[in-house]
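A.B. asks: Numbering (the numbering used here), first residue to last: 143 to 429.
#1: Is it the case that the Cβ atoms of residue 182 and residue 377 are separated by a distance below 7 Å?
#2: Can you tell me whether residue 349 is buried or exposed? The criterion is at least 16 other CB atoms within 10 Å of its CB, across all chains shown.
#3: Just the Cα atoms here: how many angstroms apart are residue 209 and residue 168?
#4: Is DSSP giving residue 301 helix, strand or coil here?
#5: Let's test the definition: count the other Cβ atoms within 10 Å of the Cβ of residue 231 and tell me whether it reaches 16, buried, or not, exposed.
#6: Residue 214 and residue 397 look like a contact to me (Cβ under 8 Å); what is the Cβ gap, rounded to whole Å?
#7: Using alpha carbons as the reference points, say which of 354, 339, 400 lies closest to residue 250.
#8: Compare the beta carbon distance of residue 392 and residue 235 with 7 Å and say whether it is the shorter of the two.
#9: Can you tell me whether residue 283 is buried or exposed? The criterion is at least 16 other CB atoms within 10 Å of its CB, across all chains shown.
#10: On the three-pair Cβ rule with 8 Å, is the segment 405-412 touching the segment 186-203?
#11: Under a Cβ-count criterion, where at least 16 other Cβ atoms within 10 Å of its own Cβ denotes burial, should residue 380 be classed as buried or exposed?
#12: Just reading off the alpha helix (DSSP H) that residue 215 is part of, what are its end residues?
#13: What do you get for residue 359, buried or exposed, if any count of 16 or more other CB atoms within 10 angstroms of its CB means buried?
#14: Using 8 Å as the cut-off, can you tell me whether the segment 201-208 makes contact with the segment 323-330, which would need three or more C-beta pairs spanning the two stretches below that distance?
Quick look at the structure:
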């Protein structure tokens with residue numbers, strides 16, 4: 143009897159309200175830990191260069207200045223790298239969406255010989271570490287004379303088996319009756335794909351597009367390998383050059399990093415509803 147009373151009291155201690163408070167506290171701690179490096183980068187970029195290496199470090203500068211931003215922007219290179227990153231990220235996003243959606247629709251809806259084998263090979267691509275493919279991809283770009291070109295940066299990033307898998311699962315959940323009705327009315331598969339399947343898939347396509355854009359924008363390793371021309375460098379590769387050009391001038395390095403992160407923040411702020419809706423819809427199988 144005494145044991146039962148103790149258990150009951152213990153259960154009463156962990157009420158739903160206390161559980162919610164613990165959950166909020168844990169979320170707040172994780173959010174602060176996640177935001178701290180970004181706040182530190184912004185703070186450092188607004189300090190005079192002489193105060194960036196003060197020990198112990200101080201959060202508040204003696205004066206807030208934009209000298210680092212002026213120095214980085216007046217150098218001119220960062221604007222060129224910004225344009226290159228925009229071209230590469232937009233092209234990678236559009237081509238990935240097109241190729242992944244076509245492949246996913248074929249795997250989901252079109253019966254053809256070898257479909258299961260091709261799909262298994264596509265999914266196997268998820269399990270292959272990207273670093274393993276670096277040497278053959280670079281040799282392929284050399285053979286195609288695409289080193290130091292936009293296409294050399296863009297094309298190897300287009301293959302995305304994860305996106306094919308996500309889109310296939312979504313397409314499979316779409317009602318077949320709509321396509322059957324369109325077939326009866328005389329529509330071919332291309333028309334069904336463009337005029338029925340893609341419009342119904344806007345939430346998941348928006349989510350996939352945003353994830354692909356962010357991945358392409360932040361990609362450093364492949365553009366670093368395939369480009370040596372400063373005029374073709376993307377922002378992440380160019381930022382490494384900022385570090386070597388100015389030495390260890392932390393305010394300018396952090397200013398360049400903040401400028402590079404701004405487009406991603408803007409994309410997330412404008413499309414956060416589409417991201418959440420797309421992920422939720424994909425998780426529910428398109429229903």
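C-beta atoms are modelled at their ideal positions from N, C-alpha and C, and glycine is treated no differently.
C.D. replies: For this structure:
#1: Counted from its first residue, the chain shown places residue 182 at position 40. Counted from its first residue, the chain shown places residue 377 at position 235. No, the Cβ-Cβ distance between residue 182 and residue 377 is not below 7 Å.
#2: Position 207 of the chain shown, counted from the first residue, corresponds to residue 349. Classification of residue 349: buried, given that the 10 Å Cβ count is 16 or more.
#3: As a working note, residue 209 is residue 67 in the chain shown. As a working note, residue 168 is residue 26 in the chain shown. Rounded to whole angstroms, residue 209 to residue 168 spans 38 Å at the Cα level.
#4: Taking the chain shown and counting its residues from 1, the one referred to as residue 301 is at position 159. Residue 301: coil per DSSP, three-state reduction.
#5: Numbered from 1 along the chain shown, position 89 holds the residue referred to as residue 231. Looking at its Cβ environment, which holds 16 or more other Cβ atoms inside 10 Å, residue 231 is buried.
#6: Within the chain shown, residue 214 is the residue found at index 72, counting from 1. Within the chain shown, residue 397 is the residue found at index 255, counting from 1. The Cβ separation is near 5 Å, so the contact holds.
#7: Numbered from 1 along the chain shown, position 108 holds the residue referred to as residue 250. Of 354, 339, 400, the residue nearest in Cα terms is 339.
#8: The sequence position of residue 392 within the chain shown is 250, counting from 1. The sequence position of residue 235 within the chain shown is 93, counting from 1. Cβ distance not < 7 Å, so residue 392 and residue 235 don't count as in contact.
#9: The count along the chain shown starts at 1 and reaches residue 283 at position 141. By the 10 Å Cβ count, residue 283 comes out buried.
#10: no
#11: Numbered from its first residue, the chain shown carries residue 380 at position 238. Residue 380 comes out buried.
#12: In the chain shown, counting from the first residue as 1, residue 215 sits at position 73. Residues 209-216.
#13: Counted from its first residue, the chain shown places residue 359 at position 217. Residue 359 is buried by the Cβ-count criterion.
#14: no
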